[in-house]
Amino acid sequence: MQLTDVRIDRFGPLANTAVENLSEKMTVFFGPVRSGKSAFVQFVRELFHGYRRNTTLTSSERTLGSGSARVLTENGPRTLRRWWTVAGPENFSVSDENERLVGIRQDNHLPEWVSDDVFQEIFSPGRDEADRFDLLTRLCIESGVAGGTSVTELSQAEAALTQAVRDRDGNGIHGGVVHHISELRRRQGKLQGEISQLRKPSSDLAARVEQLLREIEGLTVSIDRTDANIREIDAEILRLEQLLITLRQRHGLALNRPQLENEIVAVSARLDAWRGIRTQIAREVDSLPTAGQTVLHTDDSVRSIRAIISRLEERAQTLSDRQRINGLNETESAQYSDVVRQLRGEVAALCKYFGQHEQSATRQAECLQSLTAQRGLADATQMERLLEEQLKTLRTELARAENVLAEAAIPKFTDACRFSGHHDSSTYLLTGTSEHRSVLEIETRIQSLKAERHTLLSERAGLEDSVSGKRLLLDRLRQELAGGSNLEQLDNLRAQIAELDAEVSLLEDQRRQLDRTELSLREVIERLKGRSHSRVFELASQYIQRLTEGEYQQITAMLPDRLLLHQARHAEPQTLAQLTHGVRDQVALALRLALIQTRAPMQGRVPMIIDDVFVSPDDMRAIQSVKLLVEVAREGQQIVLFTSSSKVRDLFAQHDADVRFFSVPVEVPVPIPVAPAPAPLHAYIEPRSEVKLPVVEPIVYLQPPAPPVVAESDATATNWLFYLEVDHGVEDLAGITLGELEALRSAGITTIDDMLTRTVPQIESATRLKGFRLPVDRIQALRGQAEMTTRVPMLRRGDAALLFASGIHSVEELSKLRPETVYDRVSEFQRSEAGSRFRRGGRLIDRQQAINWARFGQFTRTLDDARHTRSRFAVRPAPRSLAPVAAAAVTSGAVKTADPAKRLRRRRVAEDLNTEDRRARREARRQRQVSRLRTNPVDAATDESAPAERIGGMRFFLSRTSEVEKAPSIGPRTAEMMEAIGIRTVEDLLSIAPDRLAEKLSHRRITTSIIQQWQAQSRLMCQIPELRGHDAQILVACHIITPESLAVQKPAELFAVVEPFSRTKEGERIIRTGRKPDLAEVTEWIQWAANARSLRAA
Amino acid sequence: MSVIRFLHTDALRLGSPVAGLSECPDWLRKTAASAVRTAVTNVIEAAIAGRCQFLFIAGRLTESEQDLELAVAWLMTQTSSLREHGIRLVIAGHPESDQAILSRLDAIVVNREQRLDAWTDPTGNFHCAVNAQSAPAAMSSLTVEVGAIDTSRPIADLAYVAIPSTMPSPATNSFDGVATAHDRLLRLSAGSPQALTPLERGHFGAQLVEVDLSRQTMTARFCSTDVIRFTQEVVRCQPGLHVSQLCDVLRERSRALATSERCTTVVEWVVDGQLAMTLSETESLCEVDLLKELRASVHAGHSGAWPCRIRFSDSSFVDLSGYQSLVTHEFSAIVRDRFVKNGQRDSMISAISGLPLGNGSEAAVGLNVLSRVA
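So the protein sequences, as listed, match chains A and B.
So in our numbering, spot 269 of the first sequence is number 600, and the numbers just go up one at a time.
So in our numbering, spot 316 of the second sequence is number 1710, and the numbers just go up one at a time.
Structure follows, in C-alpha cells:
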C-alpha cells in the first residue's frame, strides 16, 4: 500500500490541511515546532484504526474531526474517510476512485499483522514510540513466521505445548496428571488413616500390655527380693540355731528350754492322763461288790456236784441190778417209777445246784475284777506319783537352766542379716550383744525371725497371686490385641495402597515425560521462531553496522524478549540499558527497517511515517541514517519523515528526497464544556461512595486535567461497574505484595492487560529471567483475580481473590455454577484453615453475596470487550510516574495555590540534595522486600527453599507425606536407593525398622544407627515447627531426639551442648557455610518444641 | 533309617503388600491382597507333604515390628496343622526382644550365636535341641544355623547354614534342581515365600532339605510356593512393525506365557526394535494407552499373564521419516540431541534415524500430544 494524498478537514489543531502526491519513496516534511506535525501523524493513525485511548487529543477536539486519505492498493486507488460527530460513533468509509463506496467497515487495507499498536509503534514512530522496544522485539522474533507453513508449524507446536501442559496440569475443570496424582495421594493418605484407625485400639492395648509387662516384671523382682529375704532369714535362723547348739554344748547343760517345757508339758499330759485313769478305776472299784459277800467256794460246788453224780450213779446201778435179777411186775414197775421219779428229782436237784454254781461263778468273776481294779488303782496312783516326781524334776531343771549363760558366752552378731524385712537387724547392729544376754533372747530372736519369715511367705504368696492375675489379664489383652484387627484387613488396605502406589508410579512417569515434552516443545517453538527471526536480525545487524560505522556488529535476541548488541571491541554483548540514547535510536531504526523489509515481500508494504525521530542533527552519524532511509525507500518502501531541523532537511535534500515544507496554522483548542449526561444506571450499581474516584486534582498543574469520569459519553462505554480495567496497573490487584509487584514490573508486566495477554508459564519464565521467583500458584491466583475482576461486573478484587482461592478459577466456571454451589464452596473454604484469612470480621460470606456473584457471572464481558469498552464508572488510572508526586501534593495541602513549576523545581532540588542517601535507602528497602523472591540457584537445591506447610502461623518444613529426599541427611543418591526398595515418603522411612532398612539397602556406610538418626531427624522436623533440617541434625547429634526432651531443656544448658558440637568436624559438616547456632537460636528451638504437634498430625 | 527332613524358608514378610499392580481386575486384586498369606500356607502344606520333622524359618515373620502381633495371631491358626502332624516350628533370626510374642507360637526360637542340633535315636524318633554355636556338636547329628555366605564352618560334622535373603539361592551348585552338600556342608538361601515387587523376579518358595545321618549326605530341593510371580519379557519386534500391531504381538506373547500352574505371572514387557508410526490419533505409544489396550484383551479371562508395565528398550526407536511435519522433525532432533548429550547409547542413537523411545525419552508422550493436535 502506498499513501498518496491526505486531507484533513478538522482534526485537533489542524483544519483544512492537505498533502498531495506523496512520493512513493522518500518524502520529508520540514516544519517548525508546534506546526502540527504530530497531529498530522496522529490523524493518519486514527484514520486507519480509529480512536485510540492513548491519544493526546481531548474528546472535544476529536468529536468534531474528519478527514480522508488516498491510498494505492493492489485493487487500485482507494479513499479512506473517517469522521467523528459529537454524540454518535465514529464513522469510516472506503471508496474507490469513482467515489463509489466499497466498504464501511474497518477495512483499512493494511496487512493483517499491522494492528493499531503495530502501526503506531513500527510504522508511525514518534518520540514516545522510539524508546519502546517491547513490541518491536516481539515482532522481530516472530517475524517471518507470520505466513506460509511456519505459522501452521508454530501453531501446532504451541497447541501441542498447551495440550501437554493441559494434560499435566489440567484446564481448571478437568484435572490433569498432577491432579490425578494428588488425588491418588489423597486416597493413599485416607487408606493410611484407615490403617492407623485399624491400629488404634491395638496401639492402646499394646501400651497397656507394655504396662502390664512392666508391672509383672516389677512384681517378679519383688518376689525375687522376698525370696532373697526369706533365704537370708533362713540362713539367720540356721546360724542362730547353730549358735544355740554350740552354746549348749559348750556349757553342757540341757539348755533347751522349749525341749524341757515340751517334756514338762508331755509329762503333765501323761500325769493328767494317769489321774483320769485312776479316777475312773476308783469309780469302778466303788461300783463293784465286795469279795466277802458273794464268795462261793468253788470246792464246795465241786464236791456237791460229785456227790450228786455219785448218787445218781449208785441209783442207776441199783436199778440196773434189779432189773437184771428180777422180773418186772406191777410193783416193780411202780418201784421203778419211783426210782425214776427219784432220779428226776435228783436231776432237778442237780440242775438247781448247777444254777447256783453258775451264779457263784459270776460272782467270782466280779470279785476278780474288783480285785484287778483295786490293783490297777494302786498302780495308777503309783504312776501318778512317779510322774509328779518327774515333773518336779523337770521344772527344777528348767528353773536351773534359766539365766545360766554368762554375757561373754554369747558371740557378737554380725551384719550378715541385712534383708529389709528383718526389723531387728538394725537393733542388733546398734546394740550389739547387749540385749542378748541369754539363750532365751536368741530363742526369742529365732521366733521373731520365724514370724517374719512367715510374714514374708504370706507376702510372696500375695505377690504370686497378683502376678498370676496380671498374667491372665495380659493374655486377655493380647487376645483383644489380636482380635482388634486382623492380618487380612491389613493386607487388604495395604494392597489398595500398593495399587495406588503403582498407579502413581505410572502417572509420575507420565508426568516426567510430559515435563520433558514441555521442555522439548518449548525448544521446538524457539527453534521455529529462531529459524525465521534470524533473517530479521541478520538484516538489522547489517543496518546497525552501517549506522554505527562498524562499532556494533550484531543484534541478537535472547528469548523471550531481550535484545543484545554485540560491540566490535567488547566480547560481552550489551543490553539496551547499557546503550546511549543515540545508539538506542539507531537500533530502533535498524530493527524497524529490517522488520519492514523482511515482512514486505510476503505481506505487502505499508507506508512508514517518522515523526521527527531517529535522525538528529546532533548525531555525528546522521548521514548514515539518512543514507539508509533513502536506500530503503529506493527499495520500494514509502517513507514520510517529519522533521523540525533544517540540517536534517538539508541532508535528505542532498540525497534526492522529496523535501516539503509543513506549516499549518494551529488553532488553540477551546474547551467545550460537555454537560454530563445522566447515565442509565444498572440495578446492580453499587453506591457512588464505593467507587474509587480518581485523584486528579493535585496534578492539575502538571498536565491537563482529566475529564470527569461520568462525563464521558463514549459509545463503547458500558453501564456495568467493573472494578478493574485492562489499563489499570498490576498494583491495583488485591493482596499483591511489593516484591511481586517489583517482579512483575521488571518483567515488563505493568498493566492488567499485560498480565492477561501472557500465560502463567510466560509470566513465570519472564520473572524468573529477571531474577525473581514467583510461585506458579501465586501467579495463577493473581492472574485469575485480574481476569475475573476485569470480566465480571460488580466483582471486587478481594472477592475475586476469594473465589479463586475457593477453587472457582475462571469466569466460565463461575457462570456455570449455581448460587448454592458458589456459597457452599466459598463458605467451606472459609471454614478451612487456609481460608480463615479471607473471613471478613471473622464471619463467612452470606448467601446473598453468593447469589450476587453467581448472577454477575451471567453478565461477563470478554477480554476483547474489556479492551475496547470501558465502564462509565471506572476509575481512570492516574499516570504512574506522577502518582507519588500527586500523593505528596495531597498531603501537603497547598497544592492548588502553589506554582507547579516552582513546586517541581523545589522537589527536584530537594531530591538532589540527598539523592545518594535516598537512593541507597530505597535500594536497601527494595532489596529487603524482594530478596525472598529472588531465585538462588544454590539454595534452590537445599532444604531452605523447601515448601513449608503453614499451620496456625507456624511453618513445618517436613511432613509424613513429604518425599524422602526432603528429609534431612537424605541426598538424591540415597533417596534413589530408597525409592528402589519402595521407600518414597517420610512416612515410609519412619515406619520401617532400621535394621530392616539397613539390610535392604545393604550399603556399608548406611548402618542401623545411621538410619535411626535419620528417623529421629525426620521425626523432629515433622513435629517441631520452624525447625530446619540442619537444626534437626544438630539436635539428634546432641542426643535430643524428641520434642518433649527438647522442650524441657534450658537454653543455656542446651547451648552448652550445641555450641561445642558445632565446632567439631561433624558439626561443621552439618552447618557447612551457614551460621552456627547461637543462644537466641537455641532458645527458639526450645520455644518451637513447645508448639510441637504429634507425629500422626504431621 | 536315620533321615531328617525339614523345610527351610526365609523372611515370611507377612503383612507386606504385593506392589506394582495397577488398575488390576478384582480377581487379581484379591489374589494380590492374600498372596503372602497364601504363600505361607503353601509353605506349611509343603512341609506336611514332604513329611518334614520341622519347619525352619530363617528370618523375620514381618517387615514391620508393628505387624508382628497380628502376624503371630494369624500364624497361630495356621501352624495348628503342623502340630497335628508332629512338625516342629523353628524360628531363627528374630531379635531376642520378640521372644515373648513368639513364645505364643509354641515354636523353638533360635537366637543369635545359637544353633539347632537335630538327631534321631536308634528307634528312629526325632530329637532336637538348641545349643550355642561355640559348643561342638555331637556325632551323627545335624546342625542347622543362620549365617552368612562367608562365615566359618560350624563346629559339626553335618551342617546346614541358612543364609537369610529375600531371593532364593541361584541353582548354580545344583544338578537337576537338587543341591547336594559337599564336604557335608550346605549353605543356601531359601528366599521369601512370595515376591513383593516387580524387581523380585523369578520363582519364590522354600528349600526342602533331606539329611541322611547314617550316610552323612544332605540334599536340598527348591519348591515354589508363590502365587504371583514377576517377570520381565523382552519382545523383539520386526523392523518396521507398525505401532498399531504392537498390542497384537504382546497379546500373542502373553498367551505363550500362560501356564497351568496356579500362579499368576505379572509381566513387565520391554519392547525392543524399530517401530513405524503415522501420527494418527488412534495410535499411541504411551504406556498407559498400551497397557489399557493390552489389558482389555486379557481382562475377560485369566490367561496366566498380566501386564504391569510396558517399556521400550534404549535401542528401540520409532521411524518418523514418512511424516513431513517440521515440528515432529524438530522434536525428534531435540530428543536425539538430549539422548546423545546424556550419553545414552550415543553410538546407537547416531546410527539410527528415528526417534529414540528408551527410558527417559518423552517420545511416546510427545508424539501422542502432537498427533492429537495435528
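We put the beta carbon where it would ideally sit given N, CA and C, even for glycine.
As the structure is a prediction and not an experimental result, all values here were calculated from the model.
**OP:** Output, in chain order, the set of chain A residues within a Cβ distance shorter than 9 Å of residue 1468 of chain B.
**Re:** 813, 817, 818 and 819
Original post:
Hey, is residue 1559 of chain B's beta-carbon within less than 7 Å of any beta-carbon in chain A?
Top reply: no
Original post:
Who are the neighbours of residue 1327 of chain A on chain B, taking C-beta pairs under 7 Å?
Top reply: 1457
Subject >> Limits of the unbroken alpha helix (DSSP H) element including residue 1641 of chain B >> reply: 1640-1651
Original post:
For a contact meaning CB atoms closer than 9 Å, what does residue 837 of chain A contact in chain B?
Top reply: 1416, 1417, 1681, 1682, 1685 and 1703
Subject >> For residue 1760 of chain B, the first and last residue of its enclosing alpha helix (DSSP H) >> reply: 1757-1767
Original post:
Under 7 Å between C-beta atoms, does residue 799 of chain A make it to chain B?
Top reply: no
Original post:
Just checking my contact of residue 1712 of chain B with residue 1685 of chain B at CB under 8 Å: how many whole Å lie between their CB atoms?
Top reply: Not quite, the Cβ-Cβ distance comes to about 18 Å (not below 8 Å), so this is no contact.
Original post:
With 16 other CB atoms within 10 Å as the buried threshold, where does residue 933 of chain A fall?
Top reply: exposed
**OP:** Indicate whether at least one CB of chain A lies closer than 7 Å to the CB of residue 1450 of chain B.
**Re:** no
Subject >> Nearest neighbour of residue 612 of chain A, chosen from A:562, A:703, A:636 and A:1306 [CA to CA] >> reply: A:703
Original post:
Can a CB atom of chain A be found closer than 7 Å to the CB of residue 1368 of chain B?
Top reply: Past the boundaries of the shown model lies residue 1368 of chain B; chain B is included only from 1395 to 1768, so the question cannot be answered.
**OP:** Would you mind listing the alpha helix (DSSP H) stretches within the region 1096-1146 of chain A that are 4+ residues and don't spill past its ends, in chain order?
**Re:** 1107-1122 and 1128-1136
Subject >> Close Cβ partners of residue 978 of chain A (< 7 Å) along its chain, the five nearest in sequence each way excluded >> reply: 948
Original post:
Do we get a CB-CB distance below 7 Å when we pair residue 1728 of chain B with the residues of chain A?
Top reply: yes
Original post:
In chain order, which alpha helix (DSSP H) runs of at least 4 residues are fully inside the region 1476-1503 of chain B?
Top reply: 1493-1496
Subject >> residue 1054 of chain A: first and last residue of the uninterrupted beta strand (DSSP E) it sits in >> reply: Run containing residue 1054 of chain A: none; DSSP gives neither H nor E here.
Original post:
Cα-Cα, which of A:1106, A:409 and A:447 is closest to residue 432 of chain A?
Top reply: A:409
**OP:** Within the same chain, show all residues whose beta-carbon is closer than 6 Å to that of residue 1423 of chain A, passing over the 5 residues directly before and after it, in chain order.
**Re:** 1354, 1355 and 1374
Original post:
Quick one: is residue 507 of chain A buried, meaning 16 or more other Cβ sit within 10 Å of its Cβ, or exposed?
Top reply: buried
Subject >> C-beta contact flag for residue 1337 of chain A and residue 1347 of chain A at 7 Å >> reply: no
Original post:
Applying the criterion that 16 or more other CB atoms from any shown protein chain within 10 Å of the CB defines a buried residue, is residue 1242 of chain A buried or exposed?
Top reply: Bear in mind that a pLDDT of 44 at residue 1242 of chain A, under 50, signals an unreliable position, so the number given afterwards is only what the model happens to contain. Exposed: under 16 other Cβ atoms inside 10 Å.
Original post:
From residue 662 of chain A to residue 690 of chain A, what does the alpha carbon distance come to, in whole angstroms?
Top reply: 41 Å
Original post:
Under 7 Å Cβ-Cβ, which residues of chain A neighbour residue 1591 of chain B?
Top reply: 1313
Subject >> Contacting residues, own chain, Cβ-Cβ under 8 Å from residue 546 of chain A (five flanking each side not counted) >> reply: 801
Original post:
So, is residue 951 of chain A buried or exposed, given that buried needs 16 or more other C-beta atoms within 10 angstroms?
Top reply: exposed
Original post:
Which residues in the same chain have their Cβ closer than 8 Å to the Cβ of residue 544 of chain A, if we skip the five residues on either side of it in sequence?
Top reply: 805
Subject >> Contacts around residue 1189 of chain A, its chain only, beta-carbon distance under 7 Å, and the 5 residues preceding and following it disregarded >> reply: 1146
**OP:** Kindly indicate if chain A contains any beta-carbon less than 7 Å away from that of residue 1411 of chain B.
**Re:** yes
Subject >> CB of residue 1351 of chain A within 7 Å of CB of residue 1363 of chain A, strictly >> reply: yes
Original post:
Residues in the region 1420-1438 of chain B with C-beta within 9 Å of chain A's C-beta atoms, listed in sequence order?
Top reply: 1423, 1424, 1426, 1427, 1428, 1429, 1430 and 1431
Subject >> Range of the contiguous beta strand (DSSP E) that encloses residue 1599 of chain B >> reply: 1599-1606
Subject >> Check whether residue 1065 of chain A and residue 1132 of chain A have beta carbons under 7 Å apart >> reply: yes
Original post:
residue 401 of chain A: buried (16+ other C-beta within 10 angstroms of its C-beta) or exposed?
Top reply: buried
Original post:
To the nearest angstrom, how far is it from the Cα of residue 1197 of chain A to the Cα of residue 1057 of chain A?
Top reply: 7 Å
Original post:
How about residue 415 of chain A and residue 398 of chain A: do their beta carbons lie closer than 7 Å?
Top reply: no
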